[in-house]
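Numbering (the UniProt record's numbering), first residue to last: 1 to 513.
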């Protein structure tokens, strides 16, 4: 006890001496705190140095990579991959640009005089446009990674656009070809069929030209002879409703498979492989190889197109793919644009008859067979008003006048991404008649004629500002700022690396001292 007390006294005395001599003393807590501060400072320094070096290296790497592999190329590859997370996929899935269908019908104004022989030519009056809005949807989308393709279902429907039409236009009465006339042409070569069909025409007093409202002509065109033939001989009249738009859109749901991804190359992007699981135009599988492969339905076109590129366009109403050739370059919506046109010789005959799948029964130049897509009826396609093509058919009709500024098909695309900026597709449907001299006189009067029925114009309106701005950023702005983006990342990376290095050196010097 006395020893402990003496030790305490010694310590207190020593402390008093040190304090008296000006020497500061520390408590145990003070000593522990002094040890922790350098530890914290070292941790902060290490974290700061590591972060500077790490982010500096990352920025430098990004800068160098984007120098050798530009962001534009990366965006193009992402476009080719057609990933659903990007906005262009949504614009394709539910298209925003409005597509208008303008229908022009030919009203026959002198059918009685022509049948009676008082007029030598059939007089036609063009009525229209009657405007509809076509709505396209792409659904049931499947990606096939094993072969870098995509399958989807495309549907099309039309809606009458009342604001764009003359009031009560659908109730207007017109005189048009009665479809039993085409059925008569269909059976004219069959010695067993034509007498019976001719008898039906006489019994029902069927006339080759009939009055109809425009609405019925589009959606509800019927005839007693067709109804009877459809019931007992459907190969002669596969349908009893010959409304033109009703038949075009009655089955406009199709399954499509297209190329996507970089595997097939930019020039084969969105090229069709199969349509309803077949690589050919419907019903052309055996007798003619009418291939659809490589064509486009018009929603997107190949990327990196050039002036030598030929775009192939497929539309069911044409019953064939058609080539579009470069015509001119200009600026559209602030974007470099290429215009590709459908040449007027597209419906001409080929020298190789085997390859000419659309010659029908030796059709002349300017006409293309549509019968495969329309119940084997003698329907042919041409340019509106037989534009830039003349033939024997012109000798029997009046009211046809070609206007190349109106009667031409084209597409305007942004060539690097293949985005369509403007589009117009036109085609005329005509009934082509054989020798009908075996039928009653009113029918025989139309022997060996090609009679225009109507022509269609599909047009894509202006793109929305958001689509134009997005495309403009990727094709115009991004390449221009690429240098500054890469340079900025390199400079930031070097600065961070330098800061990290200097702090590391300073920390080493501090530890040595």
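Built from N, CA and C at the ideal position, the CB exists for glycine as well. Bear in mind the structure is a predicted one, so any value in this text is a computation, not a measurement.
Provide the residue(s) that pair with residue i in DSSP beta bridges, ordered along the chain.
i: residue 429; result: 381, 454
i: residue 138; result: 154
i: residue 125; result: 107
i: residue 130; result: 103
i: residue 143; result: 150
i: residue 600; result: With the chain covering 1 to 513 only, the question about residue 600 has no answer from this structure.
i: residue 254; result: 154
i: residue 397; result: 122
i: residue 321; result: 314
i: residue 177; result: 209
i: residue 278; result: 275
i: residue 159; result: 133
i: residue 459; result: 100, 424
i: residue 419; result: 414
i: residue 291; result: 280
Sorted by chain position, which residues of the same chain lie with C-beta nearer than 6 Å to residue i's C-beta, five sequence neighbours on each side aside?
i: residue 498; result: none
i: residue 263; result: 148
i: residue 517; result: Nothing about residue 517 can be read from this structure; the chain reaches only from 1 to 513.
i: residue 155; result: 137, 253
i: residue 449; result: 396, 433
i: residue 329; result: 338
i: residue 255; result: 153, 276
i: residue 127; result: 105, 107
i: residue 489; result: 59, 62, 63
Specify the secondary structure class of residue i as computed by DSSP and reduced to three states.
i: residue 424; result: strand
i: residue 340; result: strand
i: residue 82; result: coil
i: residue 229; result: helix
i: residue 172; result: coil
i: residue 88; result: helix
i: residue 386; result: helix
i: residue 327; result: strand
i: residue 439; result: coil
i: residue 296; result: strand
i: residue 414; result: strand
i: residue 346; result: coil
i: residue 486; result: helix
i: residue 57; result: helix
i: residue 31; result: Caution applies to residue 31, whose pLDDT of 49 falls short of 50 and renders its modelled position unreliable; the model cannot decide the point.
i: residue 246; result: helix
i: residue 402; result: coil
i: residue 367; result: coil
i: residue 166; result: coil
i: residue 501; result: helix
i: residue 25; result: Caution applies to residue 25, whose pLDDT of 47 falls short of 50 and renders its modelled position unreliable; the model cannot decide the point.
i: residue 357; result: coil
i: residue 335; result: strand
i: residue 447; result: coil
i: residue 473; result: helix
i: residue 409; result: coil
i: residue 182; result: helix
i: residue 305; result: coil
i: residue 37; result: Note that residue 37 scores a pLDDT of 48, beneath 50, so its modelled location is shaky; the value from the coordinates is reported in the next line. If DSSP states are grouped into helix, strand and coil, residue 37 belongs with the helices.
Using a Cβ-Cβ cut-off of 7 Å (strictly less than) and excluding sequence neighbours within five positions of residue i, which residues of its own chain qualify?
i: residue 93; result: 138
i: residue 427; result: 317, 318, 381, 455, 456
i: residue 343; result: 325
i: residue 180; result: 201, 206, 223, 225, 226
i: residue 211; result: 173, 175
i: residue 447; result: 433, 435, 436, 437
i: residue 320; result: 281, 290, 358, 368
Under 9 Å, Cβ to Cβ, is there at least one residue of chain C near residue i?
i: residue 219; result: As a matter of chain content, chain C is missing from the structure shown, which is built from one protein chain.
For my contact list, residue i and residue j are in at a C-beta cut-off of 8 Å; report their separation, rounded to the angstrom.
i: residue 174; j: residue 217; result: 7 Å
i: residue 80; j: residue 294; result: Between residue 294 and residue 80 the Cβ distance is about 16 Å, and since that is not below 8 Å, they are no contact.
i: residue 257; j: residue 274; result: 5 Å
i: residue 108; j: residue 442; result: The pair is not a contact, with the Cβ atoms about 13 Å apart (cut-off 8 Å).
i: residue 69; j: residue 493; result: Residue 69 to residue 493, Cβ: 16 Å. No contact.
i: residue 471; j: residue 412; result: Not confirmed; about 13 Å, so no contact.
i: residue 373; j: residue 385; result: Not quite, the Cβ-Cβ distance comes to about 22 Å (not below 8 Å), so this is no contact.
Which residues in the same chain as residue i place their Cβ atom closer than 8 Å to its Cβ, once the five residues preceding and following it in sequence are excluded?
i: residue 296; result: 270, 271, 272, 302, 311, 312, 313, 314
i: residue 345; result: 365
i: residue 142; result: 150, 151, 152
i: residue 479; result: 70, 72
i: residue 171; result: 213, 214, 215
i: residue 178; result: 206, 207, 208, 209, 210, 223
Is there at least one non-hydrogen atom of the ligand FMN closer than 8 Å to the beta-carbon of residue i?
i: residue 344; result: For the ligand FMN, the structure offers nothing, since it holds no ligand at all.
Q: State whether the region 120-131 contacts the region 93-105, with contact taken as three or more CB pairs (one from each stretch) at a distance under 8 Å.
A: The region 120-131, when compared against the region 93-105, does touch it at the 8 Å Cβ threshold.
Q. Quick check: the region 416-426 against the region 325-342, are there 3 or more CB pairs under 8 Å?
A. As far as the Cβ criterion goes, the region 416-426 touches the region 325-342, which means the pair count is three or higher.
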